[in-house]
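Structure, as structure tokens:
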Amino acid sequence: MKKTFSIISFFILLTFSLLNINSCGSTEDTVSCFPDSPISVNLNLNLAAYNDLNYVGQPIYIDEQQSGTRGLIVVRTADVPASFKVYDRNAPHLCPENNTTLEIKDNISIICPKDNATWILITGQPTAVSSVPPKTYFWSYDAATKNLNLYN
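First residue of the sequence shown: 30, per this note's numbering; consecutive thereafter.
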């Protein structure tokens, strides 16, 4: 009886140890050297500079206020209800260098100039080279005033 209890205790301890080791892994969606900077941007879509965001699939670059180290890519993904994607322009799979700033290509994809990694603009889904999607940020939209707030 004592030997059986000892074996069962050992397996329970082993099981919980393995679960604990696996659950402590990083769930970050970017490389460890990805810059961590505050994002706090308020856009009034009534202004001409942000007018493209009134239409689905018309992305813009944001490089003002607190928009990170290399700026943001913002695109409207749906009209009703209004939905947006806000991407960091740092490549999520590479440490920052001169040629790792993400760019919009043909208003349908995002590309990394260094290794030609690509992602679908509207969804952020990786299509080539990288298996990691671009880092995204939160947003809130007031349809009455057309104010779009971007934040982390």
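Beta carbons: idealized from backbone N, C-alpha and C, even for Gly. What you are looking at is a predicted structure, and each value in this text was computed from that prediction instead of being measured.
Original post:
Would you report the Cα separation of Trp-148 and Thr-174, rounded to the nearest angstrom?
Top reply: 31 Å
**OP:** Give a yes or no on whether the C-beta atoms belonging to Arg-105 and Leu-123 are separated by under 7 Å.
**Re:** no
Subject >> Start and end residues, beta strand (DSSP E) containing Thr-159 >> reply: Inspection of the sequence shows that residue 159 is occupied by Ser rather than by Thr. Per DSSP, Ser-159 belongs to no beta strand (DSSP E) and is neither H nor E.
Original post:
Where does Asp-81 fall in DSSP's three states?
Top reply: helix
**OP:** Helix, strand or coil for Thr-190, going by three-state DSSP, please let me know.
**Re:** Coverage of the chain is limited to positions 30 through 181, which leaves residue 190 absent and any answer about it impossible.
Subject >> Proximity below 7 Å, CB of Gly-100 to CB of Ser-66 >> reply: no
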